[in-house]
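Data first, discussion second: the structure below is written as structure tokens.
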Amino acid sequence: MPYTTNDIKRIEAKWQKYWAEHKTFKVSADPQQPKYYCLEMFPYPSGKIHMGHVRNYTIADVIARFKMMQGFNVLHPMGYDAFGQPAENAAIKNKTDPAQWTYRCIDQMREELKKMGFSYDWDRELATCDADYYKWNQWIFIKMFEKGLAYKRASAVNWCPSCETTLANEEVINGACWRCQTDVVQKQLEQWYLKITHYSETLLEDLNKLTDWPERVRLMQENWIGKSYGCEIYFKVEPAGRQAGTESETIPVFTTRPDTIFGATYVVLAPEHPLVEKLIPGLSQEKKIREFIKKAANESKSARISGDKAKEGMFTGRYALNPVNGEAIPIYIADYVLMEYGTGAIMAVPAHDQRDFLFAKEHKLPLRIVIQNPEAPSLKVHDLKQAFEGEGNLVNSKQFDGMDNESAKEKIAQWMSVNPPVAGGETSPAGRGANKMGKVTVHWRLRDWLISRQRYWGTPIPIVYCIEKCRRDGKNFMWPVSEEDLPVKLPKNLQITGQGGSPLTKSAEFIHAKCPKCGGAAIREFDTMATFFDSSWYFLRFCSPRDDKQVFDKKEAAYWMPVDQYIGGIEHAILHLLYSRFFTKFLKDLGLVNFAEPFTRLLTQGMVLKDGEVMSKSRGNTVDPDEVIAKFGADTLRLFILFAAPPEDQLEWNDSAMEGSWKFLNRVWNTVENRYQPAERADSAVLDRADKDLERERHSAVKKFTENMQKGFKFNTAISAAMILLNAVDQYKADGHSKVKQYYLNEAIKTLVLLLAPMTPHICEELWQMMGQKESIARVSWPSYNEAALEQDTAAIVVQINGKVRGKFDVPAAISEAELKKIILADAKIQQYIGGKAVQKYIIIPKKLVNIVI
RNA sequence: GGGCAAGUGGUGGAAUGGCAUACACGCAGGACUUAAAAUCCUGUGGCCGCAAGGCUGUGAGGGUUCGAUUCCCUCCUUGCCCACCA
């Protein structure tokens, strides 16, 4: 039979049908069997799969099939992250319903995935937009609400004017919306948050457990959580002349540099700081300050954080007292201080902080040097061209003078946390430290997660607001929907226009509800959940996807979880992976799971490039997997992707290398077809040199292939081991009349097909059948190797003189050192290189190398 | 500005202290063919040499070592992440 595109198409279709009909990859929990949960990040169903998907899922499929052959009970599911804005945008554009569009895309995507021959247990397929999935989103939300971990709060939030919705901090990239790149603005809104900060400490701490995660993902999460040790210092506000006697306000500032406290020459509040309202009324410049605050608020986030922007600010007219020396310093409002970090207020030390330095120069504010550079010890204020941010010894700092600033950080923080302000009087706000100058604190960069979205195509937040009795009684009127009323279903067939806010606000059918408390009239919350909520626990749902009684089956989850190998793009290093870790910790606290981390091992696959650039629709340099499959078949595509680069590295698309993969499979095919002959088991006692060499090549290929699969999934070098075996088989001259030779040839060919089975499953199934086997190759045991068969009789010894290669010797493998030396020194060429000089020593690495030092 | 990763033939890549360039792609030459495709064989880092062979070579410079692509230091370049984070 020839090897043509049509044959390949027929073979691939045949085996895809076989796997589907025989449910080859259907699994169930079996405590007698070791489990392996292999999971790829499920796709957003946009219809067509792209090369990034193909690479991601091919890597996962090879791992799943390899583990299956190694005897594991492998869970390998697939689903769709199906809620989200693209469905709404498509619905607006095509005047259809987001649900219709999404399910059509899912159908299309499923077909494409099947064409790749992936080993999914299709009976577990799920889509997050199914009511029987998002019902459990709502259930989890209510549990969080009950524990105080889901709450509603008004504050300045990130708002994307184009998507007309709020965004989480994690979704703002360089001040712009992650989805549409529109500049994000700040807006004051009442929104739902999840209290991920409740787990800050353990999210950080447990990163240490994730030893099989890429180092850089752990670092990115560590930076994102951002634990910083520092000090909160209390600056008492001086009463304004007329208001003398009124209760004084205190400004807590956060700093990581308490060693510079004696150099503070002004205090700065963020424009949104709540204290501003209390400080400015009645001041002559009140109006101007309000204008400035308004201007700052309207500025887009990207403009505000851009590095080269001049720092703008205004003097409030008020002063604050530095607790360490009682000095009155001016209070400013400036846009370079961010409300969302620290306390939203800073002490400015212009001599030792570049941002403060620039602002001080601009506003002619004084500088004071409190750290002397040991390399230029007579630093003067008027010499400063920029802030001195280096290490040094303290000056102008009273009893701390002369101390190195690293020790001073700790000493001063300690001193402030036990002593009242030197200027006297009460300064610490209630609960922050009873009348002390400051306190040692820890600050986190991680913010609570804003999950409200003013969009239609998402999980409705299961909350109702009573508008009758509860509200009239004036107490709580916000209630979670009771469990038996879940799911709160999304209404169908709404008009999606993309304008005028969420379509849910206009659906009478949706809005009106009954108050779960008093039974009176109520209206529903019409915000939906961010889709990252959906994907934060889907891996648990895959353990029991059809369970309609509970969020997931505890027993099933206990067997399958945690995920042994998770595979996906680096772009989810923070968002999805952090949220999933948070959910797992919450579910552990609920007693539903008994592990703290959902993903034991993580592999982040590299991007697919073409012409040196990331393949993307907007660049127009995509290669359609469908077209490649039509021409070469799925196996060739899979092999190319695995062979072209290690999975973590970028992969450069190359058409001619694609043909190389085709050629290789063609050779494998021809070898089986032309050289495999049924033969009986033969006596190994009659092996000649060539047979032994072939056997050694076979065992060596199994060893190298298996080790490369196990140590970091180095598929490219595993494949090269298989290629070497094929080369050895092709070189091997089997005497057609010798049963012994045919037997060993058959063994080598069978091994080759088994090794390739996880990578190119269709063709290997077909070849396996051609070789007379009845069983699907997917369930055959992985081949083993024998160390003894790898032994060689002779060893090639490299001889170096002073580290330079000067000769090679074939010697018996078991030779003694003395004999080895004798043989080498007897060589005329070696003697010529030694040239009569005295040999200082011999470095001998057995079976490898001898270095003669002269 | 801070952090991390990576720099090896014409190309993808291999070697993690012991023969640099495994395995492929590409290219060149040859066989088969009326011819082409396919397939097979040979060669393929650079320089010198008819050859045997020699010298040189893993971004640049230095160090450790009998021996460095591999470990350490400095620098350059590229990529990624974070960033008025106090």
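Here the first sequence is numbered in my numbering, starting from 145 and rising by one per residue. From the three backbone atoms N, C-alpha and C, an ideal C-beta is built for every residue, glycine too. Everything numeric in this text was worked out from a predicted model, so none of it was measured.
Residues near residue i by beta carbon distance below 8 Å, same chain, minus five either side
| i | result |
| --- | --- |
| S523 | Looking at the sequence itself, residue 523 is Leu, so the reference to Ser does not match. Excluding residues within five positions, the ones whose Cβ falls inside 8 Å are I513, Q516, N517, F532. |
| Y162 | T168, E909, S920 |
| V258 | Per the sequence shown, the amino acid found at residue 258 is Lys instead of Val. Contacts found: Q160, A164. |
| K636 | D241, A243 |
| C324 | C304, S306, C307 |
| V1030 | Nothing in the structure corresponds to residue 1030, since the chain is present only between 145 and 998. |
Residue interval of the beta strand (DSSP E) (run including residue i)
| i | result |
| --- | --- |
| H656 | 656–658 |
| N995 | 993–997 |
| P230 | Not the beta strand (DSSP E): P230 falls in the alpha helix (DSSP H), residues 229–238. |
| W623 | 622–624 |
| D708 | 707–713 |
7 Å Cβ shell around residue i - same chain, five flanking residues per side excluded
| i | result |
| --- | --- |
| R362 | L351, L354 |
| D417 | For the record, residue 417 in the displayed sequence is His; it is not Asp. Counting only Cβ-Cβ distances below 7 Å, and skipping sequence neighbours, we find M483, G488, A489. |
| N765 | K754, D755, E757, M759 |
| G645 | E308, Q598 |
| L509 | T409, Y410, P494 |
| L734 | K287 |
| F676 | L719, H720, Y723 |
| L870 | R811, V812, T815, L896 |
| P189 | Y224, A226, T246, C249, I250, M253 |
| L528 | A495, L511 |
| W336 | A294, K296, I595, S596, I605, D671 |
Nonlocal neighbours in the same chain, by C-beta distance under 6 Å from residue i, ignoring five residues either side
| i | result |
| --- | --- |
| W135 | Given that the chain is displayed from residue 145 to residue 998, the structure contains no residue 135 and the question cannot be resolved. |
| K981 | I998 |
| E165 | none |
| P902 | V206, R209, F210 |
| N995 | Q944, I987 |
For residue i: DSSP bridge partner residues
| i | result |
| --- | --- |
| K331 | V301 |
| R668 | V608 |
| S372 | H587 |
| W266 | In the DSSP output, where bridge partners are listed per residue, W266 has none listed. |
| D548 | N537 |
| K952 | V942 |
| G582 | I377 |
| Y337 | Y295, L594 |
| K179 | N217 |
| D356 | R745 |
| Y977 | BP columns for Y977 are empty, so no partner. |
| M195 | M195 pairs with nothing; no bridge assigned. |
| Y224 | A271 |
| F398 | E376 |
| E935 | Its beta-bridge partners do not exist; DSSP assigns none. |
Delimiting residues of the alpha helix (DSSP H) encompassing residue i
| i | result |
| --- | --- |
| I155 | 149–166 |
| C614 | 613–616 |
| Q749 | Counting along the chain, Q749 falls outside any alpha helix (DSSP H), though it belongs to the beta strand (DSSP E) covering 743–749. |
| L753 | L753 -> not in any alpha helix (DSSP H); beta strand (DSSP E) instead, spanning 752–754. |
| Y277 | 275–290 |
| V884 | 883–900 |
| Y723 | 719–733 |
- Stretch pair the region 209–227 + the region 175–182: three plus CB contacts closer than 8 Å: Touching, yes.
- Query: At a cut of 8 Å, does the region 276–292 reach the region 609–616 through at least three beta carbon pairs?
  - Reply: no
- Determine contact between the region 155–166 and the region 893–908, defined as no fewer than three beta-carbon pairs at a distance below 8 Å. Contact between the region 155–166 and the region 893–908 is present, because at least three Cβ pairs lie under 8 Å.
- Okay, do the region 791–807 and the region 752–763 touch, 3+ Cβ pairs below 8 Å being the bar? Output reads yes: the region 752–763 touches the region 791–807.
- Item | Contact the region 194–202 vs the region 776–787: 3+ CB pairs below 8 Å | Contact between the region 194–202 and the region 776–787 is present, because at least three Cβ pairs lie under 8 Å.
- Going along the chain, which unbroken runs of the alpha helix (DSSP H) with 4 or more residues stay wholly within the region 765–843? 769–776, 778–788, 799–819
- Message: For the region 324–335 against the region 366–376, do three or more pairs of beta-carbon atoms, one drawn from each stretch, fall closer than 8 Å, so that the two count as touching?
- Response: Fewer than three beta-carbon pairs drawn from the region 324–335 and the region 366–376 are found closer than 8 Å, and the two stretches are therefore not classed as touching.
- Query: Does the count of Cβ pairs from the region 801–816 and the region 834–849 closer than 8 Å reach three?
  - Reply: Because the criterion of three Cβ pairs below 8 Å is not met, the region 801–816 and the region 834–849 do not touch.
- Message: As an exercise, report each continuous beta strand (DSSP E) stretch of at least 3 residues that is fully enclosed by the region 425–509, in chain order.
- Response: Under the rule that a run must span 3 or more residues, the beta strand (DSSP E) segments found entirely inside the region 425–509 read 457–465, 472–478, 489–492.
- Query: Do the region 695–705 and the region 680–687 make contact, defined as three or more Cβ pairs closer than 8 Å?
  - Reply: Yes: at least three Cβ pairs fall under 8 Å.
- Task: Would you check if the region 580–598 and the region 333–343 touch, i.e. whether three or more CB-CB distances between them fall below 8 Å?
- Result: yes
- Does the region 427–442 touch the region 536–544, meaning 3 or more C-beta pairs lie closer than 8 Å? no
- Query: Are three or more beta carbon pairs between the region 924–937 and the region 968–981 nearer than 8 Å?
  - Reply: no
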